[in-house]
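The sequence shown begins at 529 in the numbering used here and counts up one residue at a time.
For every residue, glycine included, the Cβ atom is placed at its ideal position computed from N, Cα and C.
Keep in mind the model is a prediction, meaning the values are calculated, not measured.
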Amino acid sequence: PSLTTILGVAFICYIAHSIWVLAQIFSAPVCTQKPCFTSFLAKEKLPPLQMALFTSTTNNPIAAETTEVVKVKPFDFRESFTRHVDISIPAKTRRNGTLYMHVVLAVDDGKPILWNRRRDDLAVIHRIALTEHVVPKHTTFNLIIDDGQEVVQKPKHHRPVSHLRTKVHFGILADNITLSQHDIPAEMSGLVRVTRHNEYLPVFQSDILRDRFDDLLEIQRGMETLSLEIVYSPVGIGKFRLIAHVMHAMRSLETLGFSKKDIDEVKGIFSDTNVYILCGTVFVSSIHLLFDFLAFKNDVNFWRRKRNYAGLSVRTVLWRGFSQMIILLHLFDEKTSMIVLIPVAVGTLIELWKCKKILRIEVSLTRGFTVREQAELNVEKLTKDFDRQAMKYLSYVLYPLCAAGAIYSLLYQSHKSWYSWAINSMVNGVYAFGFLFMLPQLFINYKLKSVATLPWRSFMYKAFNTFINDIFAFIITMPTAHRLACFRDDVIFIIYLYQRWLYPVDKNRVDTSEHMDEYEETAAAKPQDKKND
């Protein structure tokens, strides 16, 4: 077996093991030693409960520093609830400070929950940070018409400032789990408090999977109140352990240098906590990664062995290189996640390398850039003629549409800067009409009645990934135009597959068909036949 086969099998085995580990997270621990701890919430005669929520500027405040914002009495841990409240923003928080919410759960003994009662034996406190320090978003404005409003330029220094959460999600472990001290999962070890009756108190958890960047609001000057949405929902053991594992993984990613925005994108993948959907997501995304690697590998091998470019559209290859560069710059400008950026950056380097190959450009330190001269085959000349003919017709439609789109965007849309407008206009042209530049290759295939010169193995890997992208286009956050482009590529690949069926390749020939001997013989025979006539 080849190295690719060995690596592919090893990769699939690793993914299968990862899915099995993920499925084990959703299994409840079982008590294997004595004594066994039972849930306080599972008591037959559970006393009535009450909950109160306080805010403060410190994580361990005194009573005078707290403000009560919500009281839930009676409180049923099995019932979800949502509260919309307006909380005051202290001056300390407005000055790039912090703000915390403290959730206090206690037995309802007829007395209200006061912050001084938090030290009761049966009281449980959960702390939630309402502020997060992140770099503010760029302000957009109309570059031509400002409507007399003050234009806020982008910050000169990308310093993090205080942002407030507009939504808070938390829950309590509601499953009746019996376990011993030996059986407590590592992710729960610091959260379980056991009473003298061998009962563990309610276990709180913040749902970080729902804490997204889009819900953060930058604190502006003069901002004194905040409309806050508070959501409580009971949590099962599977979701509880998954969130705990994700929290640990997020900290590891942060230490590796991933930005908070990149980590936020990873959260979106795990937002649906159905075990089957999660396992399917892990499997499909891993297959996508494998196909990406195989497509890159086969594409590089195809172009590395290529000696002539008969049947290949030069303009299509150059367009791919240009469009990939524009897409990469656009994704950088939009501060897109590294999950999307890294594959696009690798693809851009490969496309630029292919442009160098097809233009026969050689780079050296002594001579700089030189073009290597090489005699062209007849079929290469025909390919260039067909390519030029196809682009002539496309230019009548493409250029006016791109110019009109850029002018419309300048007049009626907001942008961060002139550079942002230029990149946005070009990338919209790439996404909206870029597939037209793939048509010359289809036109050449039609004229030559052959698809033998195309890298079909790489094409098929890319086709599989294109259909996978259709699934993930609405999971990972990305610009809308980039999302729609995933569906655009489906049409082109379907046409390529139709041509593959229409013009079958000789099975005895190598897939690359570097010299296209059959077509050369046919092209040379036609003039000879005319002379004989």
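Task: 8 Å CB neighbourhood of ASP614 in its chain, flanking five on each side removed - done: Correct list, in chain order: THR753, LEU754, SER755, LEU756.
- [ ] Since I believe HIS816 is in contact with ILE996 (beta carbons under 8 Å), could you give me their beta-carbon distance rounded to a whole number of angstroms?
- [x] Right, the Cβ-Cβ distance comes to about 5 Å (below 8 Å), so this counts as a contact.
Open item on the list: If you follow the alpha helix (DSSP H) that MET629 is in, where does it begin and where does it stop?
Closed with: Unbroken run through MET629 is the beta strand (DSSP E), 628-635; no alpha helix (DSSP H).
TODO: Flag this pair as touching only if the segment 591-598 and the segment 570-577 have three or more C-beta atom pairs under 8 Å; answer yes or no.
DONE: No, they do not touch.
TODO: Could you tell me the distance, in whole angstroms, from the CA atom of ASP711 to the CA atom of THR723?
DONE: The alpha-carbon atoms of ASP711 and THR723 are separated by roughly 17 Å.
Open item on the list: Taking 8 Å as the threshold (C-beta atoms), are LEU701 and VAL652 in contact?
Closed with: Cβ atoms of VAL652 and LEU701: not closer than 8 Å.
Task: ILE758, DSSP secondary structure in three states - done: In the structure shown, ILE758 sits in a strand (DSSP, three-state: E or B).
Open item on the list: With three or more C-beta pairs closer than 8 Å as the rule, is the segment 916-923 touching the segment 946-953?
Closed with: Short answer: they don't touch.
Task: Best match in GLY699, VAL759, ILE617, ILE641 for proximity to HIS654 [C-alpha to C-alpha] - done: If we check each option's Cα against that of HIS654, GLY699 comes out closest.
Open item on the list: Rounding to the nearest angstrom, what Cα-Cα distance links GLU593 and SER584 in this structure?
Closed with: Going from the Cα of GLU593 to the Cα of SER584 covers about 6 Å.
Task: First and last residue of the uninterrupted beta strand (DSSP E) at MET775 - done: Taken as a continuous stretch (DSSP letters only), MET775 belongs to no beta strand (DSSP E), being part of the alpha helix (DSSP H) at 765-783.
Open item on the list: Suppose you measure from the CA of LEU745 to the CA of PHE565; what does that come to, to the nearest Å?
Closed with: Roughly 42 Å between the two C-alpha positions.
Task: Pick from ASP604, LYS990, LEU658 that is closest to ALA634, judged by C-alpha positions - done: Among ASP604, LYS990, LEU658, the Cα nearest to that of ALA634 is on ASP604.
- [ ] Within 10 angstroms of the Cβ of SER851, are there 16 or more other Cβ atoms? Answer buried if so, exposed if not.
- [x] The residue is buried, with at least 16 neighbouring Cβ atoms inside 10 Å.
Open item on the list: Measuring only the C-alpha atoms, how far is LYS682 from ARG848?
Closed with: Here LYS682 scores only 47 on pLDDT, less than 50, and its place in the model is too uncertain to base an answer on.
Task: Status (buried if at least 16 other CB within 10 Å, exposed otherwise) for LYS990 - done: Per the 10 Å Cβ criterion, buried.
TODO: Enumerate in chain order the residues of its own chain whose CB-to-CB distance from LYS788 is below 7 Å, with the five nearest sequence positions on each side excluded.
DONE: Excluding residues within five positions, the ones whose Cβ falls inside 7 Å are VAL662.
Task: Cβ separation of PHE992 and PHE819, assumed to be a contact under 8 Å, to the nearest whole Å - done: Rounded, the Cβ-Cβ distance is 5 Å, consistent with contact.
Open item on the list: Please return the same chain residues whose Cβ sits closer than 6 Å to the Cβ of ASP703, not counting the five positions on each side in sequence.
Closed with: Closer than 6 Å at the Cβ level, and outside the excluded window around ASP703, lie GLY764, ILE765.
TODO: Just the C-alpha distance for LYS912 and TYR1024, rounded to the nearest angstrom, thanks.
DONE: Per the coordinates, the alpha-carbon of LYS912 lies some 20 Å from the alpha-carbon of TYR1024.
Task: Rounded C-alpha distance that separates PHE914 from ASN973 - done: Cα atoms of PHE914 and ASN973: separation of roughly 10 Å, rounded to the nearest angstrom.
Open item on the list: Taking only three categories from DSSP, how would you classify GLN917?
Closed with: Collapsing the DSSP output to three states places GLN917 in a helix.
Task: Strand pairing of HIS691, partner residues [DSSP] - done: According to DSSP, HIS691 bridges with GLU660, GLU746.
Open item on the list: Tell me the DSSP secondary structure of ASP703 in three-state form.
Closed with: Here ASP703 sits in coil by DSSP.
Open item on the list: So the candidates are PHE732, ASN587, ILE617; which of them puts its Cα closest to the Cα of GLN748?
Closed with: Closest in alpha carbon position to GLN748, among PHE732, ASN587, ILE617, is ILE617.
Open item on the list: Taking its Cβ as the centre, do 16 or more other Cβ atoms sit within 10 Å of MET751, making it buried, or is it exposed?
Closed with: The residue in question, MET751, is exposed, as its Cβ has fewer than 16 Cβ neighbours within 10 Å.
Task: CB contact flag (TYR628, LEU581, <8 Å) - done: Contact flag unset, no.
Task: Distance, GLY957 Cα to SER530 Cα - done: Going by the C-alpha atoms only, they are around 42 Å apart.
- [ ] Could you say which of LEU577, ARG622, GLU715 lies nearest to ASP637 if we only look at CA atoms?
- [x] Comparing Cα-Cα distances from ASP637 to each of LEU577, ARG622, GLU715, the minimum goes to LEU577.
Open item on the list: Using only CA atoms, which one of ILE886, HIS691, PRO557 lies nearest to ARG843?
Closed with: Answer by Cα proximity: ILE886.
Task: Close-in-space but distant-in-sequence residues of the same chain around LEU856 (CB under 7 Å, 5 per side omitted) - done: In the same chain as LEU856, and ignoring 5 residues on each side of it, the C-beta atoms closer than 7 Å to its own belong to VAL872, ALA873, THR876, in chain order.
Task: For LEU822 and THR532, the rounded distance between their alpha carbons - done: Straight-line Cα distance between these residues: approximately 8 Å.
Task: Per DSSP, the bridge partner or partners of MET579 - done: Paired residue(s): VAL600, LEU633.
Open item on the list: Counting C-beta neighbours from all protein chains within 10 Å, is the total for ARG835 16 or more, i.e. buried, or is it exposed?
Closed with: By the 10 Å Cβ count, ARG835 comes out exposed.
Open item on the list: I need the DSSP call for GLU607, collapsed to helix, strand or coil.
Closed with: GLU607 carries a coil assignment under DSSP once its states are collapsed to helix, strand and coil.
- [ ] Would you please state the rounded distance, in angstroms, between the beta carbons of VAL868 and LEU859? I believe it to be under 8 Å.
- [x] The beta-carbon separation of VAL868 and LEU859, rounded to 6 Å, stays under the 8 Å limit for a contact.
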